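Chains A and B are the protein sequences, given in the same order. So in the numbering used here, spot 120 of the first sequence is number 121, and the numbers just go up one at a time. So in the numbering used here, spot 185 of the second sequence is number 1083, and the numbers just go up one at a time. Glycine included, every Cβ here is placed at the ideal spot set by N, Cα and C. All values derive from a computational prediction rather than experimental measurement. What follows is a single structure, written as structure tokens, with notes after it.
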Amino acid sequence: MTTPNLTRRAVVSTAGAALLTSASGLTLPARAQTVAATPTMRGGANNYRPGAPIMERIGNGGFWTTGTVRRAGDGAPLAGRRIQVWAHTTEGHERDARSHGATLTDADGVFRIEMPQIVPAFGQPHAHLAYDAEYDDGGFETVFLRPVMERASDTSLHVEFVLRPV
Amino acid sequence: MSLLRGVVAWGALALAIAVPLIAAAQSPLLQWREPLYVIAGFSGIVGLALLLVQPLLITGVLPGIPARRIHIWTGMALVFAVVVHVAGLWVTSPPDVVDVLLFRSPTPFSVWGAVAMWTLFATAILAAVRKQLGLRIWRLGHSVAAVVIVTGTVVHAWLIQGAMENVTKGALCVIVLGAGAWALCRRRVWRMLR
């Protein structure tokens, strides 16, 4: 058997390279493609109303908030999940009860709720959405989102939830 | 001739402030806001406008008034405008204002407004004790604070999607920056550094 003739330079450079790649996080463990969980956004929970009722439509409608709810990891759609939506609209301020409503996801993990037109408030045209574990069967962590609309004139907003199992 | 200059200066100032205010008053957003929220917003616009008045008073281009004396009163009015602005927003949406004051707001313009506000309050305290400070410290401190307040307020206002109309807002912002820079140059504040 022949032993490789290791020079000091080879040892130092190999060890250095190994240290560098592991420390810099450049290595990726070999695993199936995973879907990362959606983190709660700053200010997402502002003016939240726990337990806002499930409804067909908030106020007189005209604006559509749609989205999907999936499970972190395999990305499987989650049915029957309760999502609350609220915003400053043409019919009320964010903190008003009439500006809040909830809906459930269908079998494909899709939710749709009609609400009054969102208008810019506090400097940005934005919505708030919540998945609150307290008002659900549980099994997933609570997430609060605060997406900003691209244009104030938009008449719909699409939001994707990826929930982390508890 | 000097009468004409005075009329032009006062006219230009009135125009520079009135046009953006009138444009903002036409905003469709106002119909969906409660009165207190509208007052809070306009209090912010008034604050921005007062930042134009302040340097003009100190450079003495506005004739026929005790400008130095009025500069102090306008300063107090500016503090009042900011207090109304923040208090009105607080009542409208408490958690959003708490986030701003704790420097954790998601909106990029908030931090500029918060820094300008605290600097303004610090300046008010500085002005109250200026006799004990000595001329050099007072003038340098007040000038640095003025730069922070003007810059912070202009960036804050510019980034907000609100009642102000974009062209008139931009114009007022540029005029406020220009007037501030011009006053600093006229007063040659950097002499105090020697």
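Contact with chain B by residue i, beta-carbon distance below 9 Å
{"i": "Gly-63(A)", "result": "no"}
{"i": "Ala-53(A)", "result": "no"}
{"i": "Gln-125(A)", "result": "yes"}
{"i": "Ala-16(A)", "result": "no"}
{"i": "Glu-161(A)", "result": "no"}
{"i": "Ala-46(A)", "result": "yes"}
Identity of the residue in the options nearest residue i by Cα
{"i": "Leu-105(A)", "options": "Val-120(A), Gln-125(A) and Arg-83(A)", "result": "Arg-83(A)"}
{"i": "Val-1045(B)", "options": "Val-1027(B), Met-1015(B) and Gly-1032(B)", "result": "Met-1015(B)"}
{"i": "Ala-73(A)", "options": "Thr-143(A), Trp-65(A) and Pro-54(A)", "result": "Thr-143(A)"}
{"i": "Ala-921(B)", "options": "Gly-904(B), Glu-932(B) and Phe-940(B)", "result": "Phe-940(B)"}
{"i": "Leu-927(B)", "options": "Gly-76(A), Pro-121(A), Thr-67(A) and Glu-115(A)", "result": "Pro-121(A)"}
{"i": "Thr-1051(B)", "options": "Ile-1023(B), Val-1009(B), Gly-1032(B) and Thr-972(B)", "result": "Val-1009(B)"}
{"i": "Trp-1056(B)", "options": "Phe-1007(B), Val-1042(B), Val-951(B) and Ile-1023(B)", "result": "Phe-1007(B)"}
{"i": "Arg-1092(B)", "options": "Pro-964(B), Gln-929(B) and Ile-1035(B)", "result": "Ile-1035(B)"}
{"i": "His-177(A)", "options": "Trp-930(B), Ala-965(B), Ser-1041(B) and Arg-1084(B)", "result": "This structure cannot settle anything about residue 177(A), because the visible part of chain A is limited to 2 through 167."}
{"i": "Leu-902(B)", "options": "Ser-925(B), Met-1090(B), Val-959(B) and Gly-1078(B)", "result": "Val-959(B)"}
{"i": "Asp-133(A)", "options": "Ala-153(A), Ser-154(A) and Gly-52(A)", "result": "Gly-52(A)"}
{"i": "Ile-55(A)", "options": "Phe-123(A), Ile-114(A), Met-150(A) and Glu-135(A)", "result": "Ile-114(A)"}
{"i": "Glu-161(A)", "options": "Val-111(A), Asp-107(A) and Asp-75(A)", "result": "Val-111(A)"}
{"i": "Ala-1081(B)", "options": "Leu-950(B), Ala-923(B), Val-936(B) and Asn-1064(B)", "result": "Leu-950(B)"}
{"i": "Leu-946(B)", "options": "Leu-1075(B), Gly-986(B) and Met-1090(B)", "result": "Leu-1075(B)"}
{"i": "Leu-1000(B)", "options": "Val-163(A), Thr-39(A) and Gly-44(A)", "result": "Gly-44(A)"}
{"i": "Ala-991(B)", "options": "Val-70(A), Ala-11(A), Asn-47(A) and Pro-126(A)", "result": "For the sequence presented, residue 991(B) should be read as Ser rather than Ala. Nearest option by C-alpha distance: Asn-47(A)."}
{"i": "Leu-913(B)", "options": "Met-974(B), Leu-1070(B) and Gln-952(B)", "result": "Leu-1070(B)"}
{"i": "Gly-81(A)", "options": "Arg-147(A), Ala-153(A), Thr-69(A) and His-101(A)", "result": "Thr-69(A)"}
Within chain A, partners of residue i - CB distance below 7 Å
{"i": "Trp-930(B)", "result": "Thr-91 and Val-120"}
{"i": "Ile-1058(B)", "result": "Gly-124"}
{"i": "Leu-927(B)", "result": "Val-120 and Pro-121"}
{"i": "Pro-961(B)", "result": "Chain A residues near Pro-961(B): none, gap ~38 Å exceeds 7 Å."}
{"i": "Phe-1007(B)", "result": "Gly-124"}
Any chain A beta carbon closer than 9 Å to residue i
{"i": "Pro-918(B)", "result": "no"}
{"i": "Gln-924(B)", "result": "no"}
{"i": "Phe-940(B)", "result": "no"}
{"i": "Thr-1066(B)", "result": "no"}
{"i": "Pro-933(B)", "result": "no"}
{"i": "Ser-1041(B)", "result": "no"}
{"i": "Ser-841(B)", "result": "Any property of residue 841(B) remains undetermined from this structure, which presents chain B solely from 899 to 1092."}
{"i": "Leu-1070(B)", "result": "no"}
{"i": "Leu-1082(B)", "result": "no"}
{"i": "Pro-993(B)", "result": "yes"}
{"i": "Leu-913(B)", "result": "no"}
{"i": "Leu-1033(B)", "result": "no"}
{"i": "Val-982(B)", "result": "no"}
{"i": "Leu-987(B)", "result": "yes"}
Residues that residue i contacts on chain B, provided the C-beta gap is smaller than 9 Å
{"i": "Arg-147(A)", "result": "Pro-1004"}
Enclosing beta strand (DSSP E) for residue i [first to last residue]
{"i": "Ala-131(A)", "result": "128–132"}
{"i": "Trp-87(A)", "result": "83–88"}
{"i": "Ile-119(A)", "result": "From DSSP, Ile-119(A) is part of no beta strand (DSSP E); its letter is neither H nor E."}
{"i": "Val-163(A)", "result": "157–164"}
{"i": "His-101(A)", "result": "101–105"}
{"i": "Trp-65(A)", "result": "64–72"}
Residue i at chain C interface by Cβ criterion, 9 Å
{"i": "Arg-96(A)", "result": "No chain C is present in this structure, whose protein chains are A and B."}
Interface partners of residue i on chain B, CB under 8 Å
{"i": "Arg-43(A)", "result": "Asp-997, Arg-1002, Ser-1003 and Pro-1004"}
{"i": "Ala-153(A)", "result": "Gln-1059"}
Residue i: first and last residue of the uninterrupted alpha helix (DSSP H) it sits in
{"i": "Thr-1021(B)", "result": "1008–1026"}
{"i": "His-1040(B)", "result": "1033–1057"}
{"i": "Ser-1078(B)", "result": "For the sequence presented, residue 1078(B) should be read as Gly rather than Ser. Run containing Gly-1078(B): 1064–1085, per the alpha helix (DSSP H) assignment."}
{"i": "Val-149(A)", "result": "Val-149(A) -> no alpha helix (DSSP H), and no H or E assigned at all."}
{"i": "Leu-999(B)", "result": "992–999"}
Chain-ordered neighbours of residue i on chain A, where CB pairs are closer than 9 Å
{"i": "Thr-990(B)", "result": "His-94, Glu-95, Arg-96, Ala-122 and Phe-123"}
Any non-hydrogen atom of the ligand GTP closer than 8 Å to residue i Cβ
{"i": "Trp-1036(B)", "result": "Absence of the ligand GTP from the depicted structure is noted, as is the absence of any ligand whatsoever, leaving it without description."}
### Task
Let me know the alpha helix (DSSP H) ranges lying completely inside the stretch 913–985 of chain B, each 4 residues or longer, listed in chain order.
933–957
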